[in-house]
Amino acid sequence: MNESLSCPACALLCRVPEGAVDGMLACPRCAATLWHRKPASSQRTWAFLIAAAVLYVPANALPVMRITLLGHSRPDTILSGVVELFQSGMWEIGALVFVASITVPLLKIVTLAYLLITVGRRAPQRAKERTRMYRMVEYIGRWSMIDMFMLSILVALVQLGWLATIHPGPGATCFAGVVILTMFAASSFDPRLIWDNRGGE
Amino acid sequence: MSESGTPGNGGGGELPEAVVREARHTRWRISLVWIVPIVAAVIGVGLAWQSWKNRGIDITIEFDSADRIVAGQTTVRFRNVELGVVSGVSVAEDRERVELAVRMHMTAKPYLAEGTRFWIVRPRITAAGVTGLGTLISGAYIAMYPGPEKGKKERKFRGLEQPPSDPAGTGLALVLTSNRLHGLTEGAGIYHRGIQIGAIDRFKLDKTGDKVTIYGSIPKEYAGLVHENSEFRIAGGFDLTASLSQGVDFDTGSLRELFAGGLDVDTPPKAGPLAKTGATFPVLPRRHRANAAKAVPVGPRFVVEADALNGIAVGNPVLYRGDRVGTVVNFGLRSDGQSVGVTIAVASRYARLVRTNSVFWNASGISADLGLSGLHIHAESLQALVAGGIAFATPDDPGPPAAAGSVFALRNKAPKHHVKWKPRIWIGRKDADPDPTPADAEKPEKVHHAGDAAGKAGSHHWYNRLLHFGR
Numbered sequence: 000m001n002e003s004l005s006c007p008a009c010a011l012l013c014r015v016p017e018g019a020v021d022g023m024l025a026c027p028r029c030a031a032t033l034w035h036r037k038p039a040s041s042q043r044t045w046a047f048l049i050a051a052a053v054l055y056v057p058a059n060a061l062p063v064m065r066i067t068l069l070g071h072s073r074p075d076t077i078l079s080g081v082v083e084l085f086q087s088g089m090w091e092i093g094a095l096v097f098v099a100s101i102t103v104p105l106l107k108i109v110t111l112a113y114l115l116i117t118v119g120r121r122a123p124q125r126a127k128e129r130t131r132m133y134r135m136v137e138y139i140g141r142w143s144m145i146d147m148f149m150l151s152i153l154v155a156l157v158q159l160g161w162l163a164t165i166h167p168g169p170g171a172t173c174f175a176g177v178v179i180l181t182m183f184a185a186s187s188f189d190p191r192l193i194w195d196n197r198g199g200e
Numbered sequence: 000m001s002e003s004g005t006p007g008n009g010g011g012g013e014l015p016e017a018v019v020r021e022a023r024h025t026r027w028r029i030s031l032v033w034i035v036p037i038v039a040a041v042i043g044v045g046l047a048w049q050s051w052k053n054r055g056i057d058i059t060i061e062f063d064s065a066d067r068i069v070a071g072q073t074t075v076r077f078r079n080v081e082l083g084v085v086s087g088v089s090v091a092e093d094r095e096r097v098e099l100a101v102r103m104h105m106t107a108k109p110y111l112a113e114g115t116r117f118w119i120v121r122p123r124i125t126a127a128g129v130t131g132l133g134t135l136i137s138g139a140y141i142a143m144y145p146g147p148e149k150g151k152k153e154r155k156f157r158g159l160e161q162p163p164s165d166p167a168g169t170g171l172a173l174v175l176t177s178n179r180l181h182g183l184t185e186g187a188g189i190y191h192r193g194i195q196i197g198a199i200d201r202f203k204l205d206k207t208g209d210k211v212t213i214y215g216s217i218p219k220e221y222a223g224l225v226h227e228n229s230e231f232r233i234a235g236g237f238d239l240t241a242s243l244s245q246g247v248d249f250d251t252g253s254l255r256e257l258f259a260g261g262l263d264v265d266t267p268p269k270a271g272p273l274a275k276t277g278a279t280f281p282v283l284p285r286r287h288r289a290n291a292a293k294a295v296p297v298g299p300r301f302v303v304e305a306d307a308l309n310g311i312a313v314g315n316p317v318l319y320r321g322d323r324v325g326t327v328v329n330f331g332l333r334s335d336g337q338s339v340g341v342t343i344a345v346a347s348r349y350a351r352l353v354r355t356n357s358v359f360w361n362a363s364g365i366s367a368d369l370g371l372s373g374l375h376i377h378a379e380s381l382q383a384l385v386a387g388g389i390a391f392a393t394p395d396d397p398g399p400p401a402a403a404g405s406v407f408a409l410r411n412k413a414p415k416h417h418v419k420w421k422p423r424i425w426i427g428r429k430d431a432d433p434d435p436t437p438a439d440a441e442k443p444e445k446v447h448h449a450g451d452a453a454g455k456a457g458s459h460h461w462y463n464r465l466l467h468f469g470r
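These protein sequence lines are chains A and B, in that order. Here the first sequence stands for residues 0 to 200, where the numbers follow numbering that gives the first Met the number 0. Here the second sequence stands for residues 0 to 470, where the numbers follow numbering that gives the first Met the number 0.
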């Protein structure tokens, strides 16, 4: 039987001629390259994921911002910020920051790693749950940048010269890198791989 | 999937067929995407290295009190460059002092050696002045001054309670002893010719309670002004001198000296070797400034021999045309008791006025001439009238300049018409003389105008003793 493919750009369903290989096919309507699966999906996802995991360490260990108040400057890491929020009684916000900035990126990395490992082993179990996990990771990705938006607003607003100034620290760059790389990882992962071993049976 | 086509299309053609084209690139076995984690790793390692490099050095500084020190806020500065921050304040084990834990920047590493000094800068208002006003707003900070280069590594320091006047510690540390403090304060200056060259750091009462030890320091740049035979005198306060001849003289140093007190350093003309750190000096009482006017001018000395002193005293002026050109330094009876010798010092720039033909007379008192034309009362100057003095004049034929040590006879009366004598003796700058006379080029000549006794053997010792008095 002839296979058919959906164009990733214009969603046109088209037939695959016999003997054609991935990378040689193009959509007859929009000329986008057609793939059965995203090319080198798991390899790319792994690469982005490892890069994200590497940057996760300095993102949490280095200060994300440096607050200068009346000439006294104090660096703040994500964790020290959370601790301070808890200590000053704002534990709701503290918990929110903790979940959004520390737990979520870590969970994303762990989840994607789990998906990649199971796909690599061609394990057929609980494919539905795994697909749901993937959808969640992809959905959550766009919200992880909230911290960075907050920080950029703070840095732009609190420029009162000698009185008070906030400077972004190297941790912020790393944190942004983690978020972007996990988003790349999520988008380069092809969820169809989860189902591949089952479809083949 | 493709089985269920739409009925409108022909069999097998219900779906558009994908276009087959040449593969655009050969498939790499290892995707280029692996550059991303490598870059991330490089960035991560770089940042880790950087933060390890800047990890800071923990040191401890001990102080008597942690007044105005706030953990996490108080900074350590060297020349006002922030080099560290106090991370913790705790009481030392012996409960006598406090320990400040300080995290220093990595750049401060070479400064943290033996001899590095730390002191707290807070607002201080003393008689010597107001310092550290800026710390009123920004809070106190700890100032530091690094010890000598390549010193032994040190991580535990003892802070100074007082800001050192000579933070580098390269200057001269002096110990002064006195029986009273004489109103000196910490930070009071040590002055040389009215310029502050050092300061008093602290003082303490001796254990027995009968002496005061004062510690002062003089920075390196001025250390060369203190010799082993230098004199330290109380300089504060003011001088009020009232005398008949000079009226009322009120004299003070700077306002600062007046209120904070201070010490004057003076070194006799024959300076001894330079003082070393730790040298001990006694504090001498104040020297009356009014006497400074009677200071011996630097210049050649002459001896005038008189029958009697007639009111001449040490410090009296030597007058030329009524202008003070020198001072009476000493006097003494001649060995055979037949006359009295008066040593005078003439300021160098006026020395050329003293010629071999010069005439000296006693200007003290009033001379009165009673003649047909009436009564002439004559006095050299009010000062000389009251205090006495010696005047001299040089006739129109001055002769060669008199050599230092020459002896002249002292007349009791001024020679007649001496004011009309107008020898031209240039005392301005040598090269500015518009009409240099050969007389000036002549070599100084030794004279002995004093009576017959002057040439006698045995008088030389006496002259020499007189001439070298006080030298």
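Note that CB positions come from ideal geometry on N, CA and C, so glycine has one too. Here the structure is a predicted model, which is why all the values come from computation and not from measurement.
The beta-bridge partner set that DSSP reports for Cys13(A) consists of Leu4(A). The C-beta of Pro104(A) comes no closer than 8 Å to any C-beta of chain B.
Shown here for Arg320(B): same chain residues with a beta carbon closer than 8 Å to its own, the five before and five after excluded, namely Ala392 and Val418 in chain order.
Annotation: the continuous alpha helix (DSSP H) that includes Tyr113(A) extends over Val103 to Gly119. Residue ranges of uninterrupted beta strand (DSSP E) with 3 or more members, entirely inside the region 53-94 of chain B and ordered along the chain, are 56-62, 74-77 and 80-90. Leu11(A) belongs to the set of residues whose beta carbon lies under 8 Å from a beta carbon in chain B. When Ala58(A), Leu69(A) and Arg28(A) are compared, the shortest CA-CA separation from Met147(A) is found for Ala58(A). Scanning Tyr214(B), Gly150(B) and Lys155(B) for the CA closest to the CA of Ala100(B) turns up Lys155(B). Under the DSSP definition of a beta bridge, Phe202(B) partners with Ile213(B).
Secondary structure note for Ala270(B): it is in no beta strand (DSSP E), with a DSSP letter that is neither H nor E.
In this chain, the beta strand (DSSP E) harbouring Phe407(B) covers Val406 to Arg410.
Here Trp142(A) is exposed: its Cβ has fewer than 16 other Cβ atoms, across all protein chains shown, within 10 Å. The count of Cβ pairs closer than 8 Å, one atom from the region 35-44 of chain B and one from the region 85-99 of chain B, stays below three, leaving the stretches out of contact.
A Cβ of chain B is located within less than 8 Å of the beta carbon of Leu61(A). The beta carbon of Trp51(B) does not come within 8 Å of any beta carbon belonging to chain A, so the residue lies off that interface. Contacts between Pro27(A) and chain B, judged by CB atoms closer than 8 Å, involve Pro15, Glu16, Ala17 and Val18 in chain order. By the criterion of a C-beta distance shorter than 8 Å, Leu273(B) is surrounded in its chain by Ala222, Gly223, Val225, His226 and Glu227, once the five residues flanking it on both sides are discounted.
Ranked by Cα distance from Arg192(B), the options Thr207(B), Phe231(B) and Arg157(B) are led by Phe231(B). When DSSP reads this structure, Met103(B) sits in a beta bridge with Ile56(B) and Gly83(B).
If only complete runs of 3 or more residues are kept, the region 67-103 of chain A shows the beta strand (DSSP E) at 71-75, in order along the chain.
In this structure, Pro162(B) sits near Val120(B), with a CB-CB distance shorter than 8 Å. Boundaries of the beta strand (DSSP E) around Phe280(B): Ala278 to Leu283. Around the C-beta of Lys206(B), fewer than 16 other C-beta atoms lie within 10 Å, and the residue is accordingly described as exposed. When the beta-carbon positions are compared, Gly114(B) and Pro147(B) come within less than 8 Å of each other. At a cut-off of 8 Å between beta-carbon atoms, Val32(B) makes contact with chain A.
With contact defined as three or more Cβ pairs closer than 8 Å, the region 156-173 of chain A and the region 9-16 of chain A are not in contact. Note on geometry: alpha-carbon atoms of Ile193(A) and Ala25(A) lie some 25 Å from one another. Thr342(B) has its alpha-carbon roughly 12 Å from the corresponding atom of Arg333(B).
The DSSP-derived three-state label of His166(A) is strand.
With 16 or more neighbouring CB atoms inside 10 Å of its own CB, Trp45(A) falls in the buried class. Leaving aside the five residues that flank Leu61(A) on each side, the residues in its chain whose CB is nearer than 7 Å to its CB run, in chain order, Thr76, Gly168, Pro169, Gly170 and Cys173.
Pairing His416(B) with Val406(B), the inter-Cα distance amounts to about 23 Å.
Interface flag for Gly43(B) against chain A is set, since a Cβ pair is found closer than 8 Å. Counting C-beta pairs closer than 8 Å gives three or more between the region 131-149 of chain B and the region 58-73 of chain B, which meets the contact rule. Cβ atoms of Ile213(B) and Ser164(B) stay farther apart than 8 Å, at about 13 Å. The C-beta of Tyr133(A) has 16 or more other C-beta atoms within 10 Å across all chains shown, which makes the residue buried.
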